[in-house]
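Trainee: Converting from the sequence shown to my numbering requires adding 68 to each position, the first position being numbered 1.
We put the beta carbon where it would ideally sit given N, CA and C, even for glycine.
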Amino acid sequence: MKKLLAVLFLLSLTVSAAFAKNAVPGDVIVVLRNNSGVRIQSAKTAGGVKSLSVVKSFAQSQNVRVLETFDALSDAGNKIFMVVHSDTENENDLLRKIKSRPDVLAASLNHIYTLNLPKVPNDSEYYRLWGMEAINAPKAWNKSTGSDDV
69 MKKLLAVLFL LSLTVSAAFA KNAVPGDVIV VLRNNSGVRI QSAKTAGGVK SLSVVKSFAQ
129 SQNVRVLETF DALSDAGNKI FMVVHSDTEN ENDLLRKIKS RPDVLAASLN HIYTLNLPKV
189 PNDSEYYRLW GMEAINAPKA WNKSTGSDDV
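(1) Only counting the same chain, and skipping five residues up and downstream in sequence, which positions put a Cβ closer than 7 Å to that of residue 156?
(2) Taking just the CA atoms, how far does residue 176 sit from residue 28?
(3) Assign residue 134 to one of three DSSP states: helix, strand, or coil.
(4) In this structure, does DSSP put residue 169 in helix, strand or coil?
(5) Classify residue 102 as buried or exposed, calling it buried when 16 or more other Cβ atoms lie within 10 Å of its own Cβ.
(6) Please name the residue, chosen from 194, 127, 207, that lies closest to residue 171 on a Cα-to-Cα basis.
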């Protein structure tokens, strides 16, 4: 399961630009090599410092704050997954700078996604109406749900 999550995360980095319209200002998602040999999760819980010092060193060298590390993904692939934020650089400049580092396996803007799911009426019996899906009613509700004038 952890490996599947890691693969999905990496895939999201490669296709994210095609679907996203905006990015979180100042944020970059980073995947670092973990050459420390210490698991992120065990480093946090057992008091180990090697992996955490890699994260801290990276943050200091790039003048960024680490907003979050993804322990399960990091442990699954012996990599360090994290989101970093810069208060002084815009996200595109930060991304270019981070990608040029040899210890960075992947980096991406922290894209904002909007899902445009079909609207479904708040009728508690809606799912008993077998014909609504067949006539694509949810797509119609995206265009209009009626008017009080009618």
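Mentor: Looking at the coordinates:
(1) Correct list, in chain order: 131.
(2) Nothing about residue 28 can be reported from this structure: the residues present for the chain run from 69 to 218 only.
(3) strand
(4) coil
(5) buried
(6) 127
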